[in-house]
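Asks:
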C-alpha cells in the first residue's frame, strides 16, 4: 500500500467510532435539550433542573472535590514508589511493576469489595486499632468520605503510577550522577532534574485518576454510601429509577464537561511547564 | 548511589516510607480478598475466624449459583468478541497512523484516544439512549459494540508502540519482491508487531471483562454481566460468594499477567 493510500486502514475504526461513540454522544446532547426521550419537542427544562438545583450543584462540587483528593492521595504514594523504582535493581523493579499492574487487572468490583472487608466494622483497620488499644469501639469508615478516598487511593493508583514510571524511565542515570557529583543534594537533584522530567507523567496520571475517580459509580456508591452525593449516582438515579432522561442527559453532560475542563486545564499546565 | 548528608538521609527515608506504604496499599487489598474468600464466617471478619472452601463450593454449585454462571459466561463471551473486534480495528488504524507523516494522523490519534478520558457513565447512558432510539433491545452484540469503543484505545496504544519500531524498508522490499499488501501484512508486518497486538488484545479483553459503566446501562435480565451481578450481590445482603468470585478473578488475572508478561513483556508495555 502506498503512503497515500495508507489512511484507508484507519477508516474502519473511524467509522465504528462515529456510529457507536460519536452518534450516541450527540444523541445524549440532543436529549438534554428535549422535553422527553423521544425528542418530540425542545426545552431548557432539564438544564434548569440540573443547574438550578442546590442539591445537584452540591453533587457537582462533591464530585470535583473527590476527583481532586484522589489525585492528591495517589500522587503522595505513587511519586515515591516511582522514585524507588527508578533507583532499584531489576528484581525490585519487576516487583513494583507487577504490583502496579495487578490491581488494574483485578476488576474494579473486586477492588471495591476488598475495601468493604478492610473498612468494615470487623475489618482490618478496626481490628488493628482495637488490637493496639487506640480505640475501644469500631470507628465508622464505610459510608464516609475519608474511607472512600483511602479506597480510591488503591483503586486509582495504577493510573498514576504507570505514566510516572514511563516518564522517569526516560531519565538518563548519568544526569543523576552528574548532579550528585557536582554537589547537588538529593533534594536539589529531585527538584531540578527528576521533577521536570516526571511532570508530563504526573499530569497524564492526574488526568486519568481525576476522570476515573470522578466517575467511579460503584466505588462511590458501595463504599461512600447513600449519604454522600456524587454526580454519577444522580445520573443513574434519574436515568434508571426516575426515568427522566433529559435530566439524566443534562447531568451526564455536566459530569463530562467538568472532567474535560479539568483535563484541559491539566494539559495546558503540562504544556506550560515544559516551556518554562 | 552516592553519599548522603543528614537532610538527604531524612528525605530518602521519607521517600522509602511513603513508597512502602504505597506498595502495601496497592497489594494489601488483593491479599485481603484472597484470604477472605476462604473464611468460615458468614460475616466479613478480618482476619477470618477459620478457613473453609464452602464459598468456592457454593460458587461452583451449578444449581445454587446458576445466575452467576450465566453472567460469567456472558461476560467471557463479550470479552473475547470485544478483544477480537477492538484489536482488529485498532491494529489497522495503528498501522495507518504510524506509517503516515501527514498532520491528520496526529489529530486522528487524539480522537481515537478520546474514549479513555471520557466519563464512562456518560458514554453508557448515551449508548442506552442511542440503542433505545434505534429500537434495539439489549443484546450481547450491542454490549460488544459499546465495550469495543472503550477497549480500542488500549490496543491502539500497544500496537502503535510496536508499529513505530517497524522499518519501512522491510515493507518496501516485500512489495518490491512482488508480495501484495495482504501477503506483506501476514508475512512481514504481523510477525513483527505481534507482541503489541497480543498485549493489546489482552488489555482489550480485561477492559471488557471489568467494564461497569457500559454494562450497567446495557445489561438486562437477558444480558446479565458478571461485574453487575457482583455489584448486586454487594449492594443487598452481603453475599460471601462475592469473595470467592473475587478470588477466582484475582487468580485468573495473576496467572494471565505472569503468562503475558513472560510472553510479550506486558507490564513494561503498559508503562510505556
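Residue numbers (UniProt numbering), protein chains in the order written: chain Y, 1 to 276; chain C, 1 to 272. Here a beta-carbon is modelled for each residue, glycine too, at the ideal position from N, C-alpha and C. Model, not experiment: these values are computed from the prediction.
With a cut-off of 8 Å, does the C-beta of residue 33(Y) fall near any C-beta of chain C?
Replies: Sequence index remark: in the first chain, residue 33(Y) carries index 33 (1-based). It does not; no Cβ of chain C falls within 8 Å.
Asks: Measure the C-alpha to C-alpha separation of residue 23(C) and residue 217(Y) and round it to an integer number of angstroms.
Replies: As a position in the second chain, residue 23(C) is number 23, starting the count at 1. As a position in the first chain, residue 217(Y) is number 217, starting the count at 1. Going from the Cα of residue 23(C) to the Cα of residue 217(Y) covers about 25 Å.
Asks: Determine, for residue 46(C), whether the minimum Cβ-Cβ distance to residues of chain Y falls below 8 Å.
Replies: The residue you call residue 46(C) lines up with position 46 of the second chain. Output row for residue 46(C): interface = yes.
Asks: Within a Cβ cutoff of 6 Å, which residues of the same chain sit near residue 219(C), ignoring the five residues on either side of it in sequence?
Replies: Position 219 of the second chain, counting from 1, holds the residue named residue 219(C). Taken in chain order, the residues that qualify are 225 and 228.
Asks: State yes or no: is the C-beta of residue 12(Y) within less than 8 Å of the C-beta of residue 102(C)?
Replies: Taking the first chain and counting its residues from 1, the one referred to as residue 12(Y) is at position 12. Taking the second chain and counting its residues from 1, the one referred to as residue 102(C) is at position 102. For residue 12(Y) and residue 102(C), no; Cβs fall outside 8 Å.
Asks: I'd like to know whether the C-beta of residue 234(C) is nearer than 8 Å to at least one C-beta of chain Y.
Replies: Within the second chain, the letter at position 234 stands for residue 234(C). Yes, because at least one Cβ of chain Y sits closer than 8 Å to the Cβ of residue 234(C).
Asks: With 8 Å as the threshold, decide whether the Cβ of residue 226(Y) is near any Cβ in chain C.
Replies: Stepping through the first chain from its first residue, residue 226(Y) is reached at position 226. False, the Cβ-Cβ gap to chain C never drops below 8 Å.
Asks: With a Cβ-Cβ cutoff of 8 Å, do residue 95(C) and residue 179(C) count as a contact?
Replies: As a working mapping, residue 95(C) is identified with position 95 in the second chain. As a working mapping, residue 179(C) is identified with position 179 in the second chain. No, the pair does not count as a contact, with Cβ atoms beyond the cut-off.
Asks: How close, in whole Å, do the beta carbons of residue 199(C) and residue 250(C) come, if the pair is a contact with beta carbons under 8 Å?
Replies: In the second chain, counting from the first residue as 1, residue 199(C) sits at position 199. In the second chain, counting from the first residue as 1, residue 250(C) sits at position 250. The Cβ separation is near 20 Å, so there is no contact.
Asks: Can you give the Cα-Cα distance for residue 38(C) and residue 32(C), rounded to whole angstroms?
Replies: Stepping through the second chain from its first residue, residue 38(C) is reached at position 38. Stepping through the second chain from its first residue, residue 32(C) is reached at position 32. Cα to Cα, the separation comes out at about 10 Å.
Asks: At a CB distance below 8 Å, what residues from the segment 22-39 of chain C approach chain Y? Give them in sequence order.
Replies: So the list reads 22, 23, 25, 26, 27, 28, 29, 30, 32, 33 and 36, given in the order they occur along the chain.
Asks: Does residue 137(Y) come out as helix, strand or coil in the three-state DSSP assignment?
Replies: For the purposes of this step, residue 137(Y) is identified with residue 137 of the first chain, where counting begins at 1. DSSP places residue 137(Y) in coil when its eight states are reduced to three.
Asks: So, with DSSP's three-state summary, where would you put residue 35(Y)?
Replies: For the purposes of this step, residue 35(Y) is taken as residue 35 along the first chain, with counting starting at 1. DSSP places residue 35(Y) in coil when its eight states are reduced to three.
Asks: If contact is defined by three or more beta carbon pairs under 8 Å, each pair taking one atom from either stretch, is the segment 235-246 of chain C in contact with the segment 188-203 of chain C?
Replies: Verdict: no, contact absent.
Asks: Whose CA, out of 185(C), 192(C) and 214(C), lies closest to the CA of residue 140(C)?
Replies: Along the second chain, one-based indexing puts residue 140(C) at 140. Closest by alpha carbon: 214(C).
Asks: Roughly how many whole angstroms lie between the Cα atoms of residue 19(Y) and residue 235(Y)?
Replies: If you number the first chain from 1, residue 19(Y) lands on position 19. If you number the first chain from 1, residue 235(Y) lands on position 235. Straight-line Cα distance between these residues: approximately 23 Å.
Asks: If contacts are defined as beta-carbon pairs under 8 Å, then residue 122(C) and residue 255(Y) qualify, I think. What distance do you get, rounded to the angstrom?
Replies: As a working mapping, residue 122(C) is identified with position 122 in the second chain. As a working mapping, residue 255(Y) is identified with position 255 in the first chain. Right, their Cβ atoms sit about 6 Å apart.
Asks: Determine the direct distance from the alpha carbon of residue 67(Y) to that of residue 232(Y), and round the result to whole angstroms.
Replies: Along the first chain, one-based indexing puts residue 232(Y) at 232. Along the first chain, one-based indexing puts residue 67(Y) at 67. Using only the alpha carbons, I get a separation of about 12 Å.
Asks: Can a CB atom of chain C be found closer than 8 Å to the CB of residue 59(Y)?
Replies: Here residue 59(Y) refers to the residue found at position 59 of the first chain. Chain C contact via Cβ: absent.
Asks: Which full runs of the beta strand (DSSP E) of 3+ residues lie inside the segment 23-103 of chain Y, going along the chain?
Replies: The qualifying runs do not exist here; there are none.
Asks: Rounding to the nearest angstrom, what Cα-Cα distance links residue 38(Y) and residue 31(Y) in this structure?
Replies: Position 38 of the first chain, counting from 1, holds the residue named residue 38(Y). Position 31 of the first chain, counting from 1, holds the residue named residue 31(Y). Rounded to the nearest angstrom, the two C-alpha atoms are 8 Å apart.
Asks: Considering only the beta carbon of each residue, do residue 83(C) and residue 204(C) sit closer than 8 Å?
Replies: Your numbering for residue 83(C) matches position 83 in the second chain. Your numbering for residue 204(C) matches position 204 in the second chain. Yes, these two residues count as a Cβ contact at 8 Å.
Asks: Cβ of residue 183(C) less than 8 Å from any chain Y Cβ?
Replies: Taking the second chain and counting its residues from 1, the one referred to as residue 183(C) is at position 183. By this cut-off, residue 183(C) is not an interface position.
Asks: Compare the Cα-Cα distances from residue 78(C) to each of 176(C), 233(C) and 149(C) and report the closest residue.
Replies: For the purposes of this step, residue 78(C) is identified with residue 78 of the second chain, where counting begins at 1. It is 149(C).
Asks: Assuming residue 205(Y) and residue 99(Y) form a contact by the criterion Cβ under 8 Å, report the distance between their Cβ atoms to the nearest whole angstrom.
Replies: On the first chain, position 205 is the one that residue 205(Y) refers to. On the first chain, position 99 is the one that residue 99(Y) refers to. Not confirmed; about 16 Å, so no contact.
Asks: Taking the alpha carbon of residue 93(Y) as the reference point, which residue from 19(C), 208(C) and 174(C) has its own alpha carbon closest?
Replies: Sequence index remark: in the first chain, residue 93(Y) carries index 93 (1-based). Ranking 19(C), 208(C) and 174(C) by Cα distance to residue 93(Y) puts 19(C) first.
Asks: I'd like to check one pair, residue 17(Y) with residue 112(C): are the Cβ atoms closer than 8 Å?
Replies: Counted from its first residue, the second chain places residue 112(C) at position 112. Counted from its first residue, the first chain places residue 17(Y) at position 17. Cβ distance < 8 Å, so residue 112(C) and residue 17(Y) count as in contact.
Asks: Does DSSP classify residue 254(Y) as helix, strand or coil?
Replies: Translated into positions along the first chain, residue 254(Y) becomes position 254. Looking at residue 254(Y) - three-state DSSP - the assignment turns out to be helix.
Asks: Could you compute how far the alpha carbon of residue 192(C) sits from the alpha carbon of residue 166(C)?
Replies: Along the second chain, read from residue 1 onward, the residue named residue 192(C) stands at position 192. Along the second chain, read from residue 1 onward, the residue named residue 166(C) stands at position 166. Distance between the alpha carbons of residue 192(C) and residue 166(C) is about 7 Å.
Asks: Residues of chain Y with CB closer than 8 Å to the CB of residue 108(C), please, in chain order.
Replies: By 1-based counting over the second chain, the position of residue 108(C) is 108. What residue 108(C) touches in chain Y: 10 and 14.
Asks: In three-state terms, what does DSSP make of residue 51(C)?
Replies: Taking the first residue of the second chain as position 1, residue 51(C) is located at position 51. Three-state DSSP puts residue 51(C) in a strand.
Asks: Is any beta-carbon of chain C found at less than 8 Å from that of residue 266(Y)?
Replies: On the first chain, residue 266(Y) is found 266 positions in, with the first residue counted as 1. No, residue 266(Y) lies away from the interface with chain C (no Cβ there is under 8 Å from its Cβ).
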